[in-house]
Structure formats: C-alpha cells, structure tokens
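Visitor:
Number of protein chains: 2
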Amino acid sequence: MTSETTTEHKPTIGATGRKIIYDEDGKPCRSCNTLLDFQMATGKLPISSSSSSKQPPKTIPTPVSNLIEDEYKQDPPDVELLGRSSWTFIHSLCAKYPTQPSNEDKEQISSFFKMLGRMYPCDWCAKDFTKYLQENKLDNSSNEGLNMWLCGAHNAVNKKIGKKEFDCQLWKKRWKDGWD
Amino acid sequence: MTSETTTEHKPTIGATGRKIIYDEDGKPCRSCNTLLDFQMATGKLPISSSSSSKQPPKTIPTPVSNLIEDEYKQDPPDVELLGRSSWTFIHSLCAKYPTQPSNEDKEQISSFFKMLGRMYPCDWCAKDFTKYLQENKLDNSSNEGLNMWLCGAHNAVNKKIGKKEFDCQLWKKRWKDGWD
Numbered sequence: 001m002t003s004e005t006t007t008e009h010k011p012t013i014g015a016t017g018r019k020i021i022y023d024e025d026g027k028p029c030r031s032c033n034t035l036l037d038f039q040m041a042t043g044k045l046p047i048s049s050s051s052s053s054k055q056p057p058k059t060i061p062t063p064v065s066n067l068i069e070d071e072y073k074q075d076p077p078d079v080e081l082l083g084r085s086s087w088t089f090i091h092s093l094c095a096k097y098p099t100q101p102s103n104e105d106k107e108q109i110s111s112f113f114k115m116l117g118r119m120y121p122c123d124w125c126a127k128d129f130t131k132y133l134q135e136n137k138l139d140n141s142s143n144e145g146l147n148m149w150l151c152g153a154h155n156a157v158n159k160k161i162g163k164k165e166f167d168c169q170l171w172k173k174r175w176k177d178g179w180d
Numbered sequence: 001m002t003s004e005t006t007t008e009h010k011p012t013i014g015a016t017g018r019k020i021i022y023d024e025d026g027k028p029c030r031s032c033n034t035l036l037d038f039q040m041a042t043g044k045l046p047i048s049s050s051s052s053s054k055q056p057p058k059t060i061p062t063p064v065s066n067l068i069e070d071e072y073k074q075d076p077p078d079v080e081l082l083g084r085s086s087w088t089f090i091h092s093l094c095a096k097y098p099t100q101p102s103n104e105d106k107e108q109i110s111s112f113f114k115m116l117g118r119m120y121p122c123d124w125c126a127k128d129f130t131k132y133l134q135e136n137k138l139d140n141s142s143n144e145g146l147n148m149w150l151c152g153a154h155n156a157v158n159k160k161i162g163k164k165e166f167d168c169q170l171w172k173k174r175w176k177d178g179w180d
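Line by line, the protein sequences give chains A and B.
Counted from 1, the first sequence has number 139 at position 139 by the UniProt record's numbering; the numbering is strictly sequential.
Counted from 1, the second sequence has number 162 at position 162 by the UniProt record's numbering; the numbering is strictly sequential.
#1: Determine whether the Cβ of Trp-179/A lies closer than 9 Å to any Cβ atom of chain B.
#2: Would you report the Cα separation of Tyr-22/B and Pro-77/B, rounded to the nearest angstrom?
#3: Our contact map puts Val-79/A next to Ser-31/A with C-beta atoms below 8 Å; I'd like the distance itself, whole angstroms only.
#4: What are the boundary residues of the alpha helix (DSSP H) that Thr-130/A is part of?
#5: Assuming Trp-171/B and Asn-147/B make a contact with CB atoms under 8 Å, what is their CB distance in whole Å?
#6: What is the rounded straight-line gap between the Cα of Met-40/A and the Cα of Ala-15/A?
#7: Going by CA-CA distance only, name the one from Lys-73/A, Ile-20/A, Asn-103/A that's closest to Gly-178/B.
#8: Between the stretch 7 to 25 of chain B and chain A, which residues of the former have a C-beta closer than 8 Å to a C-beta of the latter?
#9: Taking one C-beta from the stretch 155 to 163 of chain A and one from the stretch 147 to 158 of chain B each time, how about it: are there three or more such pairs within less than 8 Å?
#10: Does DSSP put Tyr-120/B in a helix, a strand or coil?
#11: Counting only C-beta atoms, is Phe-129/A closer than 9 Å to chain B at any point?
#12: Does the stretch 106 to 126 of chain B touch the stretch 91 to 111 of chain A, meaning 3 or more C-beta pairs lie closer than 8 Å?
#13: What residues in its chain sit with their C-beta under 8 Å from that of Gln-100/A, if we drop five residues either side in the sequence?
#14: When you compare the CB of Thr-88/B with every CB in chain A, is at least one pair closer than 9 Å?
#15: Measuring only the C-alpha atoms, how far is Arg-174/B from Asp-70/A?
#16: Taking DSSP as the reference, what is the three-state secondary structure of Ile-13/A?
#17: At the 9 Å Cβ level, is Ala-95/A part of the contact set with chain B, yes or no?
#18: In chain order, what residues of the same chain lie with their CB nearer than 7 Å to the CB of Lys-106/A, ignoring the 5 residues before and after it?
#19: Alpha carbon to alpha carbon, how far is Phe-89/A from Lys-19/B? Give it in angstroms, no decimals.
#20: Using DSSP's beta-bridge definition, name the partner residues of Lys-27/A.
#21: In angstroms, rounded to a whole number, what distance separates the CA positions of Cys-29/A and Trp-87/B?
#22: Please decide whether Leu-81/B counts as near chain A, where near means a Cβ-Cβ distance under 9 Å.
#23: Out of curiosity, what's the CA-to-CA distance linking Pro-152/B and Lys-131/B?
#24: Who are Tyr-22/A's beta bridge partners in DSSP?
#25: If the cut is a Cβ gap below 7 Å, which residues of chain B does Phe-166/A touch?
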C-alpha cells in the first residue's frame, strides 16, 4: 500500500541538499533521512527551488517536531537524532568494556557489532558499517583496543558526511573520564 | 588509585535529591548519576543544604557541560542523557524488526538484550533490566510482539523513576510511523 503523499510528489534532493532515501515500498525512509528532508518528501514542507540543486540552503528552518514539548508525542527520530543517540549509546557501552575481557565479553561485543551491521534502522548506514567491519577487524582484546577501533569507525562516518574527525588519542576524555 | 576529589568529600544525596552512586573503586559513577549529582560528588558544585534532604530542590541549575558548544569537547553522558539515547536507539532498532523474523533475527535480538543486561554502562540499570528479562520473557516472535514487550520494559523503568507510563497501543506512532 502506498500512501497518497508518496505518489503525489517524489523529490529527489531534500531541503538540506542531500539525496532523499526511499524505502523499497516507495515511502520516504524516516531513519535514513534528516527530519527536514523527510518532511519535504511527505509534503509537510514546500518543495523550494533550492531542492532541485545540490547546494544546501543558507537558512534551514526549525523542524516541526523540535517544537513539540511532550516527549511521548514526538515523532520517530530522523537519521541525525538516531545517529547521535546511537553513537552515545555505543561509545558509552564500549567505554565500560573490561581491560581484560572474558571470552563471554568478547563474544557478546562481537555479536553486538555484527547485529548492528544487519539490523541498524538506517539501511544505508548499516551497509556502510558492515563494509567497514569487513575491512577493519574489530579489536575486542581490551578496553583500549576496542575504543580505538570504535573511534576509527566513527571517524570513517565523520569523514563520509563531511564532519570534523575526532583525535582518537582523546577518546577517554570524551567518553569515559571527562575533560578535567 | 583514588583521586583526591573522592576522598575529600563523599555526599550521599545529590542536588536532585537522589542517592549518589559510587563505583567499586570509590569514584562517583558518571553513567549511573545525573550530571548535577556527579558534579556535586566530584566537587564541581557546592554541596547545598538541600543535599542532605531527600527532597529535590525547586530550581535545578543548568549543568555546566550543557553550555559547551563543541560536541567533541563534551563530557561523557550522565545517566539521563545515556538513558534517552539508549531508548532512542533500542526502540528504533526494534521498530524495524521484521514482521516474520528469521532464526538469525531472533537469535541476534535475544543476544542483544542479554548483552544489555550484562554490559549496559549504568550498573544498577543493567541489574534491574536483567531482573526484568528473567521475569518477563522477551517476545522475539514478531515486530508487534517485540515492540509491545519493549514498551512494557520501558514502562517498568518509567514507573520506577516516577515518570508517566506510555500507552503501548501507540508504540507505532512514537517509534515507527509518526503521529499524522
């Protein structure tokens, strides 16, 4: 079943200047697009002239659901909120990984990352991550090894989306001990 | 090694009125306490008279690191940011769980929740979750079953920390389809 909103208009480039991702059923993918692009693809935002260009607009309007106060009535997260939340969870999990992990620890953390590559809600992110895992063997041998590996994986994403890379030597300050 | 800040003062009740959780080594646990309570326990905030009472203060000051703009220089998340981030990740993961899961899907999601109960960075949260898992068998049979189970698990936490419970019949609006 395809909803009216997806058949009426199918923009290819969103308000942020990025390509809009559609699911196999033709509906825009909420966890693969920014909220703004998702709202544009579902007809909640007007398709401006800038949407036909790959240049992002200079002023990005505040997404509608950022204004909703009641957290229970919020919409599902877009790709950016999902990304921030997932990195916070994953870095915190790994920051507490043992210095001398047991076999069970090693198996559980390896299974977790394998699962992520299959089940992460943003499909294209999951595929990219699986490719990274294949090319960069997970280091589950120690707390330091795991967190340096994870920092590399995060930086590969930062690089891909044009964000500044993080100095991995500082991982412990950002995710474990704090800055002072 | 115990740092000076933990030996100089060890408040038992934080600025929020909650008990302050310390790790086995005597240091305050960052991922088990709110940022305010953590800052109080590490001497970043003065211990006010309200800290000796279990009543939370009427006005809670803005935590210091909320004011930091550069996301790379942020401190590790406190228990509340970690909780919000983790629920966002877990609900989004489960929202995309298949309607008719394969054996691999079932095994991976079960392993994930088992891992959470052992490795979630907030120790007391992890123990509570393991107890919940033992008393409420995970339903990995379908998308609907898994998400209703997860909603129940989340509500058990909401109840425990005095938050409003969510109407589980609405899980799809909150975590999959949106409200309109």
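Positions of the beta carbon are idealized from the N, C-alpha and C atoms, including for glycine.
Guide: Taking the coordinates as given:
#1: Yes, because at least one Cβ of chain B sits closer than 9 Å to the Cβ of Trp-179/A.
#2: Going by the C-alpha atoms only, they are around 16 Å apart.
#3: Confirmed, Cβ separation roughly 6 Å.
#4: 123 to 135 is the extent of the alpha helix (DSSP H) around Thr-130/A.
#5: Their Cβ separation, rounded to whole angstroms, is 5 Å, which keeps Trp-171/B and Asn-147/B in contact under 8 Å.
#6: In this model, Met-40/A and Ala-15/A are separated by some 7 Å (Cα to Cα).
#7: Selected option, being the one with the closest Cα: Lys-73/A.
#8: Correct list: empty, as no residue qualifies.
#9: Under the 8 Å Cβ criterion, the stretch 155 to 163 of chain A does not count as touching the stretch 147 to 158 of chain B, having fewer than three qualifying pairs.
#10: Coil at Tyr-120/B, not helix or strand.
#11: At a cut-off of 9 Å between beta-carbon atoms, Phe-129/A makes no contact with chain B.
#12: Taking a contact to require three or more Cβ pairs closer than 8 Å, the stretch 91 to 111 of chain A and the stretch 106 to 126 of chain B qualify as touching.
#13: The answer, listed in chain order, is Ser-142.
#14: Contact of Thr-88/B with chain A is assigned, a C-beta pair being separated by under 9 Å.
#15: Cα to Cα, Arg-174/B sits roughly 11 Å from Asp-70/A.
#16: Ile-13/A: strand per DSSP, three-state reduction.
#17: At least one CB atom of chain B sits nearer than 9 Å to the CB of Ala-95/A.
#18: Answer for Lys-106/A: Asn-140, listed in chain order.
#19: A direct Cα-to-Cα measurement between Lys-19/B and Phe-89/A gives close to 23 Å.
#20: The partner list for Lys-27/A (beta bridge, DSSP) is empty, contrary to what the question assumes.
#21: Rounded to whole angstroms, Cys-29/A to Trp-87/B spans 20 Å at the Cα level.
#22: Interface residue (Cβ-Cβ distance to chain A less than 9 Å): Leu-81/B is classified as such.
#23: The amino acid at residue 152/B is misidentified as Pro; the sequence shows Gly. The C-alpha of Gly-152/B lies about 14 Å from the C-alpha of Lys-131/B.
#24: Beta-bridge pairing links Tyr-22/A to Pro-28/A.
#25: Within 7 Å Cβ-Cβ: Tyr-72.
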